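Protein chains in written order, with the numbering used here: chain A, 19 to 381; chain B, 529 to 1346. We treat Cβ as the ideally placed atom computed from N, Cα and C, and that holds for glycine. All of these numbers come straight from a predicted model, not from anything done at the bench.
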Ligand SMILES: [Zn+2]
C-alpha cells in the first residue's frame, strides 16, 4: 500500500482506508482557482473603507491567503513551479487590481493610480486575415443572386469542345470562335473559355424551371497585360421557365446592378452578339470612377461595360433536348477580376494574381 | 473597323455630330469603341498666303511678314518669322493666336505650346508660320512648310491636309459582315434616323467595244468553295497615284494608298464590302482564269513577298500555267499591278466562308479580304462592285473597260425566307408591339415582311425575305433580335421578376471550403489566388499525370498545376523578394491531373479536377509586440491550424498518419485521413524543394482535398447531457522513454481509465536538465466527470491507479516524483 500523501503536490497515492478519513486534498492549481473565486465573492460584498482594509489583510497581506499559496509553491516539484508560479502571480495581480479599483472609488481624490495606466497603449489585437478581393466580389455577387432564388452550380475547367463551343452554337470553324482565344489540351479538349458550358451541364441533367448561377475560373489565350489576364473568373446565370422574357432579363440585371453598384447608378443596354443567346445584350453603367465624365478606366466614354446577357438561343435549347416553343430563358455573365479592380481602384489586373501580402492585406 | 465620318456621309445625310452618330450606332449594336478626330491637333491652323516680307528693324535673322489668312478678305495679319526660306507669294501653314503648336522646336523634348500675341524685339507678331516639325507632320525643322500653290487661303490646315475627318472605331461583332463597310454602316444609321440611303452613282464610263470573252475566260473547278466568280477587264490603264480625296479616305480608315487601280479596289471594298483583286492582264497566261485547289506542297509567293507553303484544301486562282492568287486571302507577286501595267483584270468573287477561314488559319495570314470572306459577303453583290470599281478605274486612270462582264455563277444563292410570328416577338421580348411596328422596323433594314395570316390562325405571321447581305439572319429568333434592336433595347420595360418562386427557392448552404475560408480569414491568414497554369519542369516534381497545354503562352505557364504546393511556394518566393518574410497564406483552388485509365466518375473523360485547401506558414508565427514575444512558426503551428479548421467544418473523424521516412517534397510529414479516406498532408517543405524555389526560410504547408467532403459526411454534432455533479481535476506527470509517442500515451489513458474520464490535456513536455538522457517528462491534466453522483476520492484514485499501471506496463512510464 502506498502512503505517499503530499500536500498540494501533483500526485498522491493513499491507502483507500485512510483516504476515507482525510479531507479532500486539492492540488495547488485547484486552490488557486478556488481562492480567486473566494476573492471575487468577498469583493462583491465590500461596502466601506474598513471592509476594504479587511479584504487587503485577508488576501494581500504577507501572511494572507495568497501569501500562503506562495509558501506552498516551494513544496511542488520543480518542473511545476514556473507554471504554477505564473498562475499565482496572475492571481495576485488580479486581486490587487480589484483592491485598487475600489480604493479609487472610495477615495476619489487620489488620481495617481489612474495615471499609472497608459490607456494609449495599442490594444492586444489579433492578426487580421483577409479574403482575396476576387473572393469578396464573388461572394457579394453570389449573395445577391442567391437572395433572388438562384442556386449555385459548378463545372469542370478542363472541358471538351462540345460543351465549351458546339452545343453553345459555335459551329466548328466559325469566326465567332475567334472571340475567345483558346488553350488546347488536345484537339477536342480545352481549358474552358467561359463558364457557359456549366449552363449546358445543368440543362443536360435537369428539367425546367431552372434558376442557377455558376461562378468559376476561365482561361483565354491572350497576352497578359494590365488590362487582361489569361486566367480570370466569371459568374454565369441561367433562368429557364415558361414565358421568361427579355423584359424580365433586363429587370433582373437592373435589380442586380442597383444592389451591387449602388441604388443611383445610371445604366443602358445595347445589342451585342453571343452565339448562344439571341437577342443578346451588353449592359453599361455610368463610370463610378469619374461619374460619367470620362476617364482612363472607362476609355473616356463615361460608361463601363459590366455584363453580357441574352435570351437563350433556341439552338441551345434544341441541343440539350428542350423544346424552345415550350420554354424560354435568359443567361448572363460577367467578369469578376475586372469588376474587382474597378471596385477597389486596382490599376493593374496582374496584381490580383501576384499574391503580395502587402497587396492582400489592404482589402 | 474604322469608319470615316466623311465617307459615311457620302451615303446618308446626317447633320448631327460624329458623337451623335456613335451613340446611335452603339445603341444598334455597332459599338463605337473610340472616336478619333484626325485633325484635332491642328485646330487653329489655317492656310495663309505671304503678301509681303520685310526685314525686321531690330534683328538680322528675323523678317516681318504680312500674311493673308482669310479667303474673301484682303485684311493682313502681321507675323514675325525667323525662317530663312520665307518668300512673298508662298502658301504657308499659319498658326493663329490661341492655337496650340504640337511641337516646340526650341524645346529639347518638343513639348507643345500655346500661341499668344507677342512683341518680338519691339515688333508685334500675331501668330506663327510653322515648320513641318512644329506641326507634327514631318521632321523638317530648318524652314517653314511651303504648301502647294493651289492651296486655298483661309481653309483650315486640317482640311487642306485631308485631316478634317473623324474616325469611328467600331467593334463589329462576327455576325455582322454587312457592317464591315461604309454603306452597311450607313444603312444601319439610316434605319435608326428614318433617313434615306444615297447609293453611289455607277456610270460605267466609256466602254471599249471589244468583248471580254475574246480576251478572258473563267473556269471554276471547285464550285463548292467558289460558288461565284465574276471578272471584268480594263485596257489602256495609266497607273498613277490616286486623287487626294480617295487617298484621304483610305488613309482615314487605315489603308495605305498605292496607286489608282489598287486604291479603287480597296475603296470599293470599304464602300460596298466586296473584296476585289486586280491582276495585271499581261501576266495572265493563256487568257484563262482557273479556280482550283492547290497541289500538295505547292509553293506560292504572295504580294508581301513571302513564300507560302500550300496544302491541297486551299483554293487558288490560277491561269493556264500557274497560280496567281490565294483565293480570298492574298494575290501573288507574279501578277501584281505595277507602274508598267496597262491592262487589268478585276476579280469579284464569292468564296465559301469556311474555305477561306481554313486557308487563312493554316497560313496564319489574315487580310482585309479574308476577314470579309470568312464572315460571309453578299453573293449577289459581285457584279455591282465590279461595275463600281471599273467605273472608278476608268475615271481615275483613263482606262477602257471591255464590254460585258464574265459571271460564272452555277448555283444561284437566293434570298432566304423566314416566318416570323408577331406573338413570338412579344413572347420573347415581353413587349406589346403591333404587327405594323414590326413590319416597319424590318423594312428599315431592307427586310420585306409579307403578312401571310391564314384564316384559321389568330396570330399574324410574316413571311420575311432576307437580303443576301445578311447571312446572319437564319431563323425566327434572329428576326426577333432585329426587331428588338431597332425598337431600342432601352425602350423595353425593365420588368422585375414578379415574385420569388418558393417552390424552387434555394437555401444557400456553406460548403466545407466556405467554412475553412472564413475560419482562416478570422485567424489571420490572407487568401491567395494563383495561376492554375504553372511551369512544367517544377510541376513534374509533383505528379506524373500532368495536364499539358498544347499552345501555352509561355513555358512558365505550360501545364495545369497538379498540387497547390508549387503555387504556395511561388507565392512565398514572391513575397520574400518583396520584403515580406512572415506570411500566413491559404488558397482554395483546383488541382488537375490527366489519368486516361481513370474511372467513369470523370466529368470529362480522363481528366480529374479536385478542389483543395492549401495552407502555408513561413517566418514568424507571432510578430513582436509589446504584449507578445516573436516566435518562428513550426510544425505544431500548421498541425494545430489543420486540427482547428477540420474541427470547424465540422469534421470529427480525423486521423493523423505518422510516417517513418520523409518524402522528397516535405519532411516532418503527417498524413491526414478524413472519415477513413486519405485526404492530404501537412509538413515542412524539404530543403531541396526550398532551394528549387529559391526560398530562404522554412515553410510549413498543409494541403487537404475538400472536394470529397460532402455535406452529409460532415459531423452533425449531438447534444450530450451535462453532469449535475462537480468535476474533479487531477494532474499526472510521467517519465517516459524518449521514443514513446504522446498520442499513444493519451489514448491509453482514455482506454484504461473507464468512462469517468472526460478529458485529458497535455500541459507540459520536458526533456533535458535533471532528467536522464533517454527519457522525457510529460504532464497531463485529467478531468473526471461523474454521471450520477459526486465522485469519491476512492473512485478517482482507483481510476488513476489503473492509468498508472497501464502506462507502466505498456510504455514503462514512471509516475514522476520529486
Ligand atoms: Zn470613367
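Take every Cβ of the segment 644–658 of chain B, pair it with every Cβ of the segment 591–608 of chain B, and state whether three or more of those distances are shorter than 8 angstroms. yes
Measuring CB to CB, does residue 874 of chain B end up less than 7 angstroms from residue 831 of chain B? no
Rounded to whole angstroms, what is the Cα-Cα separation between residue 1343 of chain B and residue 1295 of chain B? 15 angstroms
Give me, in chain order, the residues of the same chain whose beta-carbon lies closer than 7 angstroms to that of residue 964 of chain B; leave out the 5 immediate sequence neighbours on both sides. none
Quick one, which of B:1104, B:1258, B:789 has its alpha-carbon nearest residue 1285 of chain B's? B:1258
Taking all protein chains shown into account, decide if residue 554 of chain B is buried (16 or more other Cβ within 10 angstroms of its Cβ) or exposed. buried
Can you pull the chain A neighbours of residue 1049 of chain B, defined as C-beta to C-beta under 8 angstroms? 147, 148, 149
When the Cα atoms are used, what is the spatial distance from residue 970 of chain B to residue 949 of chain B? 13 angstroms
Applying a beta-carbon distance threshold of less than 8 angstroms, which residues of chain C neighbour residue 48 of chain A? Of the chains in the structure shown, none is chain C; the protein chains are A and B.
So which residues put a beta carbon under 5 angstroms from any heavy atom of ligand 1, going in chain order? A:305, A:307, A:308, A:313, A:315, A:316
How about the segment 1324–1343 of chain B and the segment 1259–1272 of chain B: do they share at least three Cβ pairs that are nearer than 8 angstroms? yes
If we cut at 7 angstroms on Cβ distances, does residue 315 of chain A have a partner in chain B? no
Start-to-end residues for the alpha helix (DSSP H) that takes in residue 617 of chain B: Neither: residue 617 of chain B is in no alpha helix (DSSP H) and is coded neither H nor E.
Assess, as a yes-or-no matter, whether the segment 1087–1094 of chain B is touched by the segment 1115–1129 of chain B under the definition of 3 or more beta carbon pairs within less than 8 angstroms. yes
With DSSP as the reference, label residue 20 of chain A as helix, strand or coil. Note that residue 20 of chain A scores 37 on pLDDT, short of 50, meaning its location in the model is unreliable and no value can be drawn from it.
Three-state secondary structure assigned by DSSP to residue 535 of chain B: helix
What did DSSP end up calling residue 385 of chain A once you bin it into helix, strand or coil? The requested residue 385 of chain A does not occur in the structure, where chain A is confined to residues 19 to 381.
Going by the CB atoms, is the gap between residue 573 of chain B and residue 596 of chain B shorter than 7 angstroms? no
Short check: CB of residue 1082 of chain B to CB of residue 1064 of chain B, under 7 angstroms? no
Please decide whether residue 702 of chain B counts as near chain A, where near means a Cβ-Cβ distance under 7 angstroms. yes
Rounded separation between residue 39 of chain A and residue 1312 of chain B - CA only: Residue placement at residue 39 of chain A cannot be trusted, given a pLDDT of 34 that sits under 50; what the coordinates show is reported in the next sentence. Cα to Cα, the separation comes out at about 21 angstroms.
Does the pairing of the segment 853–870 of chain B with the segment 804–823 of chain B give three or more beta-carbon distances under 8 angstroms? yes
Enumerate, from N- to C-terminal direction, the unbroken alpha helix (DSSP H) stretches of 4 or more residues contained entirely within the segment 57–105 of chain A. 67–73, 83–91
Of the listed residues B:1304, B:1166, B:690, B:711, nearest to residue 1227 of chain B (C-alpha basis): B:1166
Would a check of beta-carbon distances place residue 1338 of chain B closer than 7 angstroms to chain A? no
Helix, strand or coil at residue 712 of chain B [DSSP, three-state]: helix
Interface flag, residue 1057 of chain B vs chain A, CB-CB below 7 angstroms: yes
If we ignore side chains and look at the alpha-carbon of each, how far apart do residue 630 of chain B and residue 570 of chain B end up? 8 angstroms
Does residue 1108 of chain B get closer than 7 angstroms to chain A when you measure Cβ to Cβ? yes
Smallest Cα separation from residue 988 of chain B: which of B:749, B:951, B:1060? B:951
Using a Cβ-Cβ cut-off of less than 9 angstroms, give me the residues of the segment 78–97 of chain A that come near chain B, in sequence order. 93, 94, 95, 96, 97
Name the chain A residues that come within less than 8 angstroms of residue 1099 of chain B, Cβ to Cβ? 373
Would you identify the three-state DSSP class for residue 1301 of chain B, choosing helix, strand or coil? coil
In angstroms with no decimal places, state the Cα-to-Cα distance between residue 157 of chain A and residue 823 of chain B. 58 angstroms
Kindly indicate if chain A contains any beta-carbon less than 7 angstroms away from that of residue 1333 of chain B. no
Is residue 1030 of chain B helix, strand or coil by DSSP? In this prediction, residue 1030 of chain B has a pLDDT of 44, which is less than 50 and means its spatial position is unreliable; what the coordinates show is noted afterwards. Helix, per DSSP.
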